[in-house]
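Enquirer: Here's a structure for you.
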Ligand SMILES: NC(=O)c1ccc[n+]([C@@H]2O[C@H](COP(=O)([O-])OP(=O)(O)OC[C@H]3O[C@@H](n4cnc5c(N)ncnc54)[C@H](O)[C@@H]3O)[C@@H](O)[C@H]2O)c1
Ligand SMILES: O=C/C=C/C=C(\O)C(=O)O
């Protein structure tokens, strides 16, 4: 798929509570803006505190209704039907995601939408095939007991999502939550409310009992996000977003001692050794730096290149950056916008800061000239810097834009220390053809995920998450069960 124009849509985006679409009870709305054009294309109905309480009450009630009484096999069947319905309506999901984010259609059609379906299918498989745990225990009277674990749903899960991969990141939480028998109240990002609302239609179409899946629209503090995390009938909170927001949510979760699962920010390093396959490294890093216009938590913003390869790497990476066409929506090389005017200004602030702190701007560094309908979109140029100090602001803080600093290194020990010198710990990539070094350096990375000679290659059964300021907990495959279920041990004396 090579053409990107979103379908012109001006429409109304509603909350989804107890199986019905609803306006906000206080009549408040906010604009839905397409960042590719800067135009308002829809109206979102904001949930009030009472609406959020209704959604939580609907989710609580569903736990005691038909959903709570279903067998695992019945639940799995419904969840697989959700996946199939997302696939059947893939074009609607694609239009919605592209309208909200402005991202290239080929990105949404290859990544966001298929993962939306896969996240349901995979967790249905996990729950259907999950092994149990049991122990035979000797007892003081010479007999024995059997201990076995049962997993129960945690209850009502609050799901708070960001705007960069709206459907993918939401379903990554809703899939396992429902597979484990919980119910959810989703608060999508105020910037990307469409696919969460559309999923409400899917739930109704497959016959999901009312109240199992709910959506409330609004902002963070003083709005739906805070109303949801403060609601005492929410049993656990799963959140993907900025580290600072995670801290605010954790304070709310402390009231009532609720569990949290956090996927937060990153400042991910790539290490390119002189023996790397340069073609592979350039291909991989041009994706990890520029895919989704750099708005990927797993994206690379720091690149360390072994000195003999440095000049050639910078030359090739510059060509890769210049191949992207910000704003050229009809071009297969289209680079989408940043998510909002506010985020564009934040990224441009970092572009200015890099120069102020002595960077050489190898390519990019500003706002591209864009014509036509996209002239008011929130585009920036793909950007590479060299000449930065290790402690430069743009080498320490998460930017979330299409840019990176490239710095030479001389030894393995030095580069391991540099890569690990960050408060974050989400992911890293290592590029080398030396097998021993690949394993050694990957194991030394203080991150949740390390890719070697690849990036964002996902097997949904693996543990996913970050250390340090990048998050709490691991999700993926059976790891998700730790958060979405409560384990109880039953001890039977024989
Ligand atoms: N680790 C990961 O897997 C991962 C994945 C994607 C994005 N991210 C991170 O997400 C960030 C970008 O997304 P963003 O800008 O939407 O993040 P954000 O933290 O600003 O917002 C995320 C969500 O939290 C809500 N929110 C904001 N303040 C809140 C509050 N006080 N209480 C409750 N809810 C609140 C927002 O309305 C939104 O729905 C980046 O930092 C990125 O690294 C991490
Ligand atoms: O922007 C962040 C992307 C995160 C990806 C996932 O959470 C995933 O692939 O499950």
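In UniProt numbering, the protein residues as written are 1 to 494. Virtual Cβ for every residue (Gly too), placed ideally from N, Cα, C.
Between the C-alpha atoms of residue 437 and residue 136, what's the straight-line distance to the nearest angstrom?
Expert: For residue 437 and residue 136, the distance between alpha carbons rounds to 44 Å.
Enquirer: Mind reading off the beta-carbon distance from residue 344 to residue 380? Whole number of angstroms is fine, and I expect it under 8 Å.
Expert: Contact annotation, residue 344 with residue 380: C-beta distance approximately 6 Å; criterion of less than 8 Å satisfied.
Enquirer: Where does residue 400 sit, in a helix, a strand or coil, going by DSSP?
Expert: coil
Enquirer: Using alpha carbons as the reference points, say which of 190, 155, 189, 283 lies closest to residue 234.
Expert: 155
Enquirer: Do residue 214 and residue 185 have their CB atoms nearer than 9 Å?
Expert: yes
Enquirer: Please identify the residue among 108, 378, 222 whose C-alpha is closest to the C-alpha of residue 348.
Expert: 378
Enquirer: Rank 319, 449, 14, 140 by C-alpha distance to the C-alpha of residue 263 and give the top, closest one.
Expert: If we check each option's Cα against that of residue 263, 449 comes out closest.
Enquirer: For ligand 1, I want to know if residue 446 counts as a neighbour, meaning its beta carbon is within less than 8 Å of at least one of the ligand's heavy atoms.
Expert: no
Enquirer: For residue 2, count neighbouring C-beta atoms within 10 Å of its own C-beta (all shown protein chains included) and say buried if the count is 16 or more, exposed if not.
Expert: Here the model assigns residue 2 a pLDDT of 40, short of 50, so the residue's position is not dependable and the matter cannot be decided.
Enquirer: What does residue 39 pair with, by DSSP beta-bridge criteria?
Expert: Per DSSP, 34.
Enquirer: Rounded to a whole number of angstroms, what is the C-alpha to C-alpha distance between residue 433 and residue 277?
Expert: 7 Å
Enquirer: Note the first and the last residue of the continuous beta strand (DSSP E) segment covering residue 259.
Expert: In the DSSP assignment, residue 259 falls within the unbroken beta strand (DSSP E) covering 259 to 263.
Enquirer: Tell me residue 236's beta-bridge partners as DSSP assigns them.
Expert: 157, 259
Enquirer: Checking the sheet assignment: what are the DSSP bridge partners for residue 407?
Expert: 304
Enquirer: So, residue 268 versus residue 429, is the Cβ gap smaller than 9 Å?
Expert: Against a cut-off of 9 Å, the Cβ pair of residue 429 and residue 268 comes out as a contact.
Enquirer: What residues in its chain sit with their C-beta under 6 Å from that of residue 190, if we drop five residues either side in the sequence?
Expert: 219
Enquirer: So is residue 74 buried or exposed if we call it buried at 16+ other beta carbons inside 10 Å?
Expert: exposed
Enquirer: Could you give the residue range of the beta strand (DSSP E) that holds residue 385?
Expert: 383 to 386
Enquirer: Please confirm whether residue 217 and residue 99 have their CB atoms less than 9 Å apart.
Expert: 9 Å or more divides the Cβ of residue 217 from the Cβ of residue 99.
Enquirer: Buried or exposed for residue 88, going by 16 or more other Cβ atoms inside 10 Å?
Expert: exposed
Enquirer: Taking the CB atoms as reference points, tell me whether residue 408 and residue 304 lie closer together than 9 Å.
Expert: yes
Enquirer: Based on Cα-Cα distance, which residue from 181, 151, 109, 141 lies nearest to residue 120?
Expert: 181
Enquirer: Name the two residues that bound the continuous alpha helix (DSSP H) containing residue 320.
Expert: 310 to 323
Enquirer: What separation, rounded to the nearest whole angstrom, lies between the Cα atoms of residue 359 and residue 176?
Expert: Cα-Cα distance, rounded: 44 Å.
Enquirer: So, for residue 457: in the same chain, excluding its five sequence neighbours on each side, which residues have a beta-carbon less than 7 Å away from its beta-carbon?
Expert: 451
Enquirer: Which value, in whole angstroms, describes the spacing of the CA atoms of residue 425 and residue 465?
Expert: 9 Å
Enquirer: Measure from the C-beta of residue 269 to each C-beta in chain D and report whether the shortest distance is under 9 Å.
Expert: In the structure shown, chain D does not exist; there is a single protein chain.
Enquirer: Starting from residue 488 and walking both ways along the beta strand (DSSP E), at which residues does that stretch end?
Expert: 485 to 493
Enquirer: Using the Cα positions of residue 419 and residue 41, report the straight-line distance between them to the nearest angstrom.
Expert: 42 Å
Enquirer: Whole angstroms are fine: how far does the CA of residue 192 sit from the CA of residue 398?
Expert: 21 Å
Enquirer: With 16 other CB atoms within 10 Å as the buried threshold, where does residue 490 fall?
Expert: exposed
Enquirer: Exposed or buried, residue 129, counting other C-beta atoms within 10 Å across all chains shown (16 or more means buried)?
Expert: exposed
Enquirer: Of the choices 57, 103, 315, 54, whose alpha-carbon is the least far from that of residue 336?
Expert: 103
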